[in-house]
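Read the structure below first, then the notes.
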Amino acid sequence: MRVVAVDPITRIEGHLKVELTVEDGRIVRARSSGALFRGIEIILVGRHPLDAQRITTRICGVCPIAHSTAASFALDEALGISQDIPQNGRILRNLIYAANWLHNHILHFYHLSLPDYVSFRGLPLSEFLSSGVEEERFSSEENEKLVQHYLAALEVRRKAHELLALLGGKMPHDMAIVPGGVCFRPDPATLLAFRFRLAEIRGFLENIYVSDVLLLCRRYADYFEIGKVRRLLTFGAFPEGNFGLEGRLFPAGLVKDGEPEKFDPQQILEGVESSWYRGEKAHPWENSTQPDPQKVEGYSWVKAPRYKGEAYEVGPAARVALSLLWGPQDFRILARELLGEAGVGPEALSSVMGRHLSRAIEAVFLAKRMDGWLSQVDLDQPVAKAFHVPPEAEGQGLTDAPRGALGHWVRIKDGKIAHYQVISPTTWNASPRDERGKPGPIEEALEGTKVGDNALLVAGRIVRSFDPCMACAVQ
Ligand code: NFE
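For any residue, its number in my numbering is found by taking its place in the sequence shown, counting from 1, and adding 175.
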């Protein structure tokens, strides 16, 4: 038996530590641990409610628009205007947010994951980039092509940031999404520039990204059986009609052992049994953040959210699984086609390769949908709803972020924030054990995996397939 600690196991996006106990070439126990405390929920208390949206976007430089969006949804509800957001406000928010998704998926595949599979031998920075991949599943031409696309993707990511900034003002931390809608009115030239940039990015997604992901899926088909969780949860994303959980482009729901279920936000409880906090398991409306760095049973700053008492994987696999059942017809056609090309069915989504394939499916679909949204912007109509901040109110903002289900909960008293809680995607995925000793999703995906002498490489592939972001995971 040996114990291996990998710290950090994430390439960027904060430091996730994973401790593995390996026995007879198999991971028998895994502990995932967030090593940095943030305290954003505490900082927010006592501030003006509108600060929530500006401050929480700073939680993360990779998915800032996710927090901008969730905070705006929570404040819309608290201000009593959720159902009055003008169509332009809804569409422009979606476009800004979706641009961030495209960037995130390209970043994850090429720059955070590909070094786990391709060889960078002979290239500058090879020692820095390589995960020590020695197996040769790609021909040298394929390897060379993927390395070239790694470099090309840097440029495409810059374009995706520019796309976002055209409507969002800047990246990271957009200036446009606000409670009520957006705070600026684009002119026709800006919309045209957006369409032009989007077409360039779509070209890369459709012609290069998808075929690179399919190539990886073919060469590493065994990884459709590795890193499974089997319980999937999504809050859904991108309102296309009314606000709320219904009418989203990607529908909300859960899939447990292949069976879909409606999602009920009241069933979320967050525990701190193995986390360095005081307190009892509670719903985010009642929960608090009381750091206790000396807690003996603790091994992580990440809390442990559970749905009906169970740990759920959140992220692209959950969205694709649900959208295949309840999503738009054109999504189902695309998803079935790409799953067919990879030679797998929906049961393979919750796996290392399933997560990569899911991101590719939704990125291609989303970019096409964005083009349609753009045509719906009506420059003669309002972009925001005016509001007054009430002295007492509360609001819940639920959306999926690129990495999965994200929730913000705000309570206002005496015109100030009295309570703020965030549960982000990586809080779900990287959560530690709960009061029943049940592992979090990343721990579960690791445990039982045969790794032989390659514990670091295989565990790295499993953990990084979730795209963990520790900046988001701890609040
Ligand atoms: Ni910091 Fe994020 C996304 C959020 S992950 S990247 O996607 O919320 O926990």
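The beta-carbon is built from N, C-alpha and C at its ideal position, and this holds for glycine as well. All values reported here derive from a predicted model rather than from experimental measurement.
Assignment of beta-bridge partners to residue 637 by DSSP yields no partner.
Distances taken from the Cβ of residue 435 to the heavy atoms of the ligand NFE include none shorter than 6 Å.
Shown here, residue 471 sits in coil according to DSSP, grouped into three states, outside any helix or strand. Judged by pairs of C-beta atoms under 8 Å, the stretch 200–217 touches the stretch 599–619, as three or more such pairs exist.
Boundaries of the alpha helix (DSSP H) around residue 602: 600–604. Excluding the 5 residues flanking it on each side, residue 322 has same chain C-beta neighbours closer than 7 Å at 293, 295, 298, in chain order. In the same chain as residue 197, and ignoring 5 residues on each side of it, the C-beta atoms closer than 6 Å to its own belong to 177, 630, in chain order. By the criterion of a C-beta distance shorter than 7 Å, residue 602 is surrounded in its chain by 477, 478, 480, 648, once the five residues flanking it on both sides are discounted. In this structure, residue 636 keeps its C-beta atom at 7 Å or more from the C-beta atom of residue 182. Secondary structure remark: continuous beta strand (DSSP E) runs of at least 3 residues inside the stretch 476–536, in chain order: 479–482. In the three-state reduction of the DSSP assignment, residue 558 falls in the coil class, being assigned neither a helical nor a strand state. Segment contact: the stretch 564–581 against the stretch 383–399, fewer than three CB-CB distances shorter than 8 Å; contact not assigned. At least 7 Å separates the beta-carbon of residue 202 from that of residue 464. Between the stretch 494–503 and the stretch 243–250 there are fewer than three C-beta pairs closer than 8 Å, too few to call the two in contact. For residue 388, the secondary structure class from DSSP, reduced to helix, strand or coil, is helix. Put simply, the backbone Cα of residue 509 is about 26 Å away from that of residue 552. Across the structure, residue 589 and residue 220 are spaced so that their CA atoms are roughly 12 Å apart. The three-state reading of DSSP puts residue 414 in strand, counting E and B together. Between the alpha carbons of residue 504 and residue 411 lies a distance of about 16 Å.
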